[in-house]
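As structure tokens, the structure follows; a few thoughts come after it.
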Amino acid sequence: MTFDGLRPRKLVVVAGTGTEIGKTWVASRIARDLRATGYEVIARKPAQSFDPGDSSTDAHVLAAATGEEPSMVCPRHRWYPAAMAPPMAAEYLERPPFSIEDLVAEIDWPLPAPDVALVESAGGVRSPLARDGDTVTLVELLQPDIVLLVADPELGTINSVTMSLEALDRGAHVARPVVVLNRFEQIDELHRRNRDWLADHLGVDVLVTVAGVLAAVRPD
Numbered sequence: 000m001t002f003d004g005l006r007p008r009k010l011v012v013v014a015g016t017g018t019e020i021g022k023t024w025v026a027s028r029i030a031r032d033l034r035a036t037g038y039e040v041i042a043r044k045p046a047q048s049f050d051p052g053d054s055s056t057d058a059h060v061l062a063a064a065t066g067e068e069p070s071m072v073c074p075r076h077r078w079y080p081a082a083m084a085p086p087m088a089a090e091y092l093e094r095p096p097f098s099i100e101d102l103v104a105e106i107d108w109p110l111p112a113p114d115v116a117l118v119e120s121a122g123g124v125r126s127p128l129a130r131d132g133d134t135v136t137l138v139e140l141l142q143p144d145i146v147l148l149v150a151d152p153e154l155g156t157i158n159s160v161t162m163s164l165e166a167l168d169r170g171a172h173v174a175r176p177v178v179v180l181n182r183f184e185q186i187d188e189l190h191r192r193n194r195d196w197l198a199d200h201l202g203v204d205v206l207v208t209v210a211g212v213l214a215a216v217r218p219d
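Quick note on numbering: numbering that gives the first Met the number 0 labels position 206 of the sequence shown as 205, and the sequence is numbered without any gaps.
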């Protein structure tokens with residue numbers, strides 16, 4: 000993996016166990032809070048697909064959090080106004096197919112390098128991101144310092160987290176993912192038990208607070 004400038008001090012891939020799980024919310028919150036304490040943060044989304052009736056996209060949300068333009072977060076030719084996985088949306092819209100290597104090559108890395116670079120994927124870790132790969136493939140090429148696996152704390156999360164971790168473990172990536180339970184409520188017994196089971200049985204860090212996530216991605 001090469002960069003136009005120096006490698007970011009902390010390169011973070013924000014992945015998820017599925018769609019609508021809160022990846023963009025987590026990434027944008029990280030960006031805002033780190034920038035508020037003086038860190039330079041960028042966000043990148045290699046490709047995005049969305050309902051054509053949406054007034055805002057993930058790129059808009061991430062750009063608002065980092066102070067960038069949406070077209071810097073995601074190249075405009077990788078905006079696909081069709082609510083399906085990006086390569087499927089491209090085919091539906093009769094646009095050219097693309098590869099994971101295409102997406103990685105198109106990421107605009109600034110110079111000088113930022114303190115933190117957040118790269119948000121699309122869908123779950125095995126959802127198609129290009130004609131030849133998914134988030135696992137993206138992680139293999141980027142070799143990030145950390146993968147944040149965003150999950151829901153409700154019923155079914157143990158299954159979805161376990162399957163997502165198994166998929167990521169098969170990739171050529173040495174850093175073990177960190178699980179982020181989005182929308183976690185301490186007063187909810189199911190949420191607490193799911194957190195404890197994941198931590199005890201899978202041997203992963205399970206983060207449930209913004210402070211915990213910030214500590215994990217801070218480049219210090």
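We put the CB at the ideal spot given by N, CA and C, even for glycine.
Looking only at L5, L102, G132 and V11, the smallest Cα-Cα distance to P45 is reached by L102. In the DSSP assignment, A214 falls outside any beta strand (DSSP E) and lies within the alpha helix (DSSP H) extending over V209 to V216. V118 is a Cβ neighbour of L137, given a cutoff of 9 Å.
For L180, the enclosing beta strand (DSSP E) stretches over residues V177 to L180.
Taking 8 Å as the upper bound for CB-CB distance, R194 and V207 are in contact here, some 6 Å apart. For the pair T134 and Q185, the Cα-to-Cα distance works out to about 30 Å. Taking a 10 Å sphere around the C-beta of H76, we find fewer than 16 other C-beta atoms and assign the residue as exposed. V178 and T23 have their alpha carbons spaced roughly 15 Å apart.
In the structure shown, V203 adopts coil according to DSSP, grouped into three states. If you look at I186, you'll find it isn't in any beta strand (DSSP E); DSSP assigns it neither H nor E. The criterion of a C-beta distance shorter than 9 Å is not satisfied by V115 and V13.
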